[in-house]
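The sequence shown runs contiguously to residue 318 in the working numbering.
Please read the structure below before turning to the comments.
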Amino acid sequence: MNSCESQQDEKCCSSTCCSKLVAVVGALLIFAALVWAAKKYTTPPVIGAERAAERAKARAELTAAEAEALDTVGYIDSAKGIVRLPITAALAVAEKQWQDPARARAELIARVEKANFVPPPPPSTPSPLE
């Protein structure tokens, strides 16, 4: 039988039991300190509130610009005569034009060709050796 089993009334059986207990508690504390240090040094930095405020400001500006573009009249390309209409006005114009689908399709194709027209490049100057 073990000496610890024979001495039931004592709190700690011997100095070896106390030293083992202290060693286990010490090892656990060292392990906890290592885990804390590893977590502290390997955690990436948090994105700052400054950057979040920049993104929020940029999003607000973009949303305001989009709302203005959707609700106001303006030129997209003044040289080609292409304008931007509010959605409600554009729907009314489309509804009126598409009562005759053949004519509306022809007008739509003509507007697309006008909007996407790329002029031919200027003629190249002839070489002085020609």
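We put the beta carbon where it would ideally sit given N, CA and C, even for glycine.
Roughly how many angstroms lie between the CA atoms of residue i and residue j, to the nearest whole one?
i	j	result
Trp286	Glu301	19 Å
Cys205	Ile235	50 Å
Val210	Ile218	12 Å
Thr230	Trp224	10 Å
Phe305	Asp265	12 Å
Leu317	Pro308	25 Å
Arg272	Ala226	58 Å
Arg243	Ala255	18 Å
Val212	Glu238	46 Å
Met189	Pro232	Summary for Met189: the model assigns pLDDT 47, below 50, so the residue's position carries little reliability; its value from the coordinates is reported in the next sentence. About 55 Å.
Thr313	Ala267	27 Å
Ala240	Gly262	32 Å
Ser203	Ala220	26 Å
Here's the rule I'm using: 16 or more other beta-carbon atoms within 10 Å means buried, otherwise exposed. How should residue i be labelled?
i	result
Asp197	Bear in mind that the predicted position of Asp197 carries a pLDDT of just 47, short of 50, making it too unreliable to give a figure here.
Would you list the one or two residues that DSSP bridges to residue i?
i	result
Tyr263	Val271
What are the boundary residues of the alpha helix (DSSP H) that residue i is part of?
i	result
Ile297	Pro289 to Ala303
Gly236	That residue, Gly236, is in no alpha helix (DSSP H); it is neither H nor E in DSSP.
Does the distance from the C-beta atom of residue i to that of residue j stay below 7 Å?
i	j	result
Ile139	Ala303	This structure gives no information on residue 139, because the portion of the chain shown stretches from 189 to 318.
Ile275	Leu250	no
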